[in-house]
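With our numbering applied, the sequence shown corresponds to residues 1 to 478, in that order.
Structure, as structure tokens:
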Amino acid sequence: MASQTQRKVPVAHTITTIGGTPPQEAMVDKIVKAFTITPEYLEEITQHFLSEMKKGLNEEDQTIAMIPSFVEGRLTGEEVGQFLALDLGGTNLRVVLVDLQGRGNFTTKSTKYKVSDSLKTGDVKDLYNFIADCIDSFLTEHNLDYGTADIHLGYTFSFPVYQSKINRGLQKQWTKGFNCSGAIGKDPVILLQDALAKKHVPVLVSALVNDTVGTLLSNAYSKPDTNAGIIFGTGSNGAYIEKMSNIKKWKGGPTSSDEMIINMEFGAFDNERVVLPVTPWDNKLDRESINPHKQIFEKMISGMYLGEIARNVLLELVDRTLLFEGYSSKELNSQWGFETTYMSTIEADQGDSLKETHRVLSSSLNIPKVSEVDCRIVKRVCDLVGTRAARLAAAAIAGIARQSSSVQNGCDIGIDGSLYEFYPSFEQRIEQGLVELFPDVPDINKRIRLGLAKDGSGVGAALCACVAKKMAERRPSV
Ligand code: GLC
């Protein structure tokens, strides 16, 4: 299996005419204004993003945390062997067996496990007991027995962690839908290793990896010019290769390379709300979330949240009797009731009658009366929320490209996550944003080469475990 796969993502079909009553048109205009990011505004956001990146590199505890990953230097392509990867922090928990065969070649076998809401918000010990059970049953299922040797595991833990070694770190906070007690300030590797030890599961947690770092590594395995890994999925974040000399806050002592991967944690960008176009509908989402005032950028660009922003806009239209004749439904009234996948279907819908949009609204959401004008308004709202997300995503990519001077030389950027993979025209909209942000570079989309890095969390974690194992063999104390 190669790390890149060909994919067919549907195209978003934009509509320009709503054909509504004057009050409907006036309200739609207002919504359009609130969500539109002009090229000049996009540039302003990018500049602020870049200056926040620099702050994070200079000092601890900045809004964009810019966390050194302890992954030094670059892959050789010679990384081989069998490793386990554990992926926590996306839609599902996954255990993956990765067989690295060198030069970008690998095979994987994986099993997904659903993490219930009560585990996501309960005592962290229960979560780790559950995880240890999942790993144990995976080993049995795949008949994995390494005799007396422990199997090395790379742990993709997709939350902010202040790392102190390749396999050590302290959790800073939870993000996305997680909020377990007893985890903040603790080392996720120790919590996992203890739970495994209690159940006598023969696995050694040898690397702790953010999913963005894993994505960078898995992309770099087959594309050596990779300099960033990005997730646009349930949450959003990026990692890139930085020169040690630019990491002014580094206190970790001498390193074996003059470069290190930085886990940016850019989801927190502009929590102060200096520059982002935060609307009342974003504020409502934020206020009702389990982490108010945190991760504001992430909440404007990620799969977990886009549907909810759109729902908030639609409910305001209903309340003003400008949509569905003023009637909502139990589904539309429920928090998270308007899923981002509905937006994908609606954005891809085309033709005059917007049949798919009508189906989502009447069948999935049980709205009693849906007119063609209603369908067009809903489609326009999805377009606005989805386009704004992709343009903000472009600002982040441009910030990374400017900081790492990768425009001149060209680079590959590996991206993973459901939004990037499946949301109609998400990538094209990012590319359009990049064209606007680099007006003097006519072939910008050939220089900053975006591509799907499939299974960064699995393969990337295995690569990291492989690097860590080599380091440990060289230096037994690591
Ligand atoms: C959240 C997490 C971050 C992760 C991202 C994508 O932003 O804080 O660590 O990389 O989601 O999964």
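C-beta: ideal position from N, C-alpha, C; glycine also.
Quantities reported herein were computed from a predicted structural model and do not represent experimental measurements.
Original post:
Contact check, residue 301 vs residue 362 under 8 Å by CB: the rounded distance?
Top reply: With a Cβ gap of about 29 Å, residue 301 and residue 362 do not count as contacting.
**OP:** Return the CA-CA distance between residue 282 and residue 143, expressed in angstroms with no decimal places.
**Re:** 48 Å
**OP:** Excluding the 5 residues preceding and the 5 following residue 469 in the sequence, name in chain order all residues of the same chain whose CB lies nearer than 7 Å to its CB.
**Re:** 152, 206
Subject >> Same chain, Cβ closer than 7 Å to residue 125, neighbours up to 5 away in sequence not counted >> reply: 182
Original post:
Which residues bound the beta strand (DSSP E) around residue 211?
Top reply: Where residue 211 is concerned, there is no enclosing beta strand (DSSP E), although the alpha helix (DSSP H) it sits in stretches over 211-222.
Subject >> Distance cut-off 7 Å: residue 231 Cβ against heavy atoms of the ligand GLC >> reply: yes
**OP:** Go ahead and label residue 212 buried or exposed: buried means 16 or more other beta carbons lie within 10 angstroms of its beta carbon, across all protein chains shown.
**Re:** When all chains shown are included, residue 212 counts as buried.
Original post:
Looking only at C-alpha atoms, which of 195, 19, 149, 120 sits nearest to residue 159?
Top reply: Cα-wise, what sits closest to residue 159 is 120.
Original post:
In angstroms, rounded to a whole number, what distance separates the CA positions of residue 350 and residue 175?
Top reply: 35 Å
Original post:
Is it buried or exposed for residue 225, if we count other Cβ within 10 angstroms and need 16 for buried?
Top reply: exposed
**OP:** Count the other CB atoms, across all protein chains shown, that sit within 10 Å of the CB of residue 299; report buried if there are 16 or more and exposed otherwise.
**Re:** buried
Subject >> Any 3 or more C-beta pairs closer than 8 Å across the stretch 451-464 and the stretch 216-233 >> reply: Taking 8 Å as the limit for Cβ pairs, the verdict is that the stretch 216-233 does touch the stretch 451-464.
Original post:
Any idea if residue 223 is buried or exposed, counting beta-carbon neighbours within 10 angstroms, 16 or more meaning buried?
Top reply: Residue 223 should be labelled buried.
Subject >> Residue from 157, 139, 291 with nearest C-alpha to residue 150 >> reply: Nearest of 157, 139, 291 to residue 150, Cα basis: 139.
**OP:** Mind checking which residues open and close the beta strand (DSSP E) that includes residue 315?
**Re:** Looking at the DSSP string, residue 315 is not in any beta strand (DSSP E); the run it does join, the alpha helix (DSSP H), is 303-319.
Original post:
Under three-state DSSP, which class holds residue 354?
Top reply: Of the three classes helix, strand and coil, the one that applies to residue 354 here is coil, per DSSP.
Subject >> Other residues of its chain near residue 343: CB distance less than 8 Å, five sequence neighbours each side excluded >> reply: 306, 307, 310, 382, 385, 386, 423
**OP:** List the DSSP bridge partners of residue 151.
**Re:** DSSP output for residue 151 lists 203 as bridge partner(s).
**OP:** Report all residues from its chain with a CB closer than 7 Å to the CB of residue 56; omit the five preceding and five following residues, and keep chain order.
**Re:** 62, 64, 65, 66
Original post:
What residues in its chain sit with their C-beta under 6 Å from that of residue 316, if we drop five residues either side in the sequence?
Top reply: The answer is none, since no qualifying residue turns up.
Original post:
Contact between the stretch 318-328 and the stretch 423-435: three or more CB pairs below 8 Å?
Top reply: no
**OP:** Kindly give me the distance between the Cβ atoms of residue 378 and residue 346, rounded to whole angstroms, as I take these residues to be in contact under 8 Å.
**Re:** 6 Å
Original post:
Does any heavy atom of the ligand SAM sit closer than 7 Å to the C-beta of residue 257?
Top reply: With respect to the ligand SAM, the structure offers nothing, as its ligand set consists of the ligand GLC.
Original post:
Which residue comes first and which comes last in the alpha helix (DSSP H) that contains residue 126?
Top reply: Per DSSP, residue 126 is one residue of the alpha helix (DSSP H) stretching across 124-141.
Subject >> Top-ranked residue by Cα proximity to residue 427, from 414, 439, 438 >> reply: 414
Subject >> DSSP three-state assignment for residue 180, whether helix, strand or coil >> reply: The answer is coil: DSSP assigns residue 180 none of H, G, I, E or B.
Original post:
Quick one: what does DSSP say residue 234 is sitting in, helix, strand or coil?
Top reply: Coil at residue 234, not helix or strand.
**OP:** Go through its chain and collect everything with a Cβ distance to residue 8's Cβ below 7 Å, but skip five positions before and after it.
**Re:** none
Original post:
Are the CB atoms of residue 71 and residue 261 nearer to each other than 8 Å?
Top reply: yes
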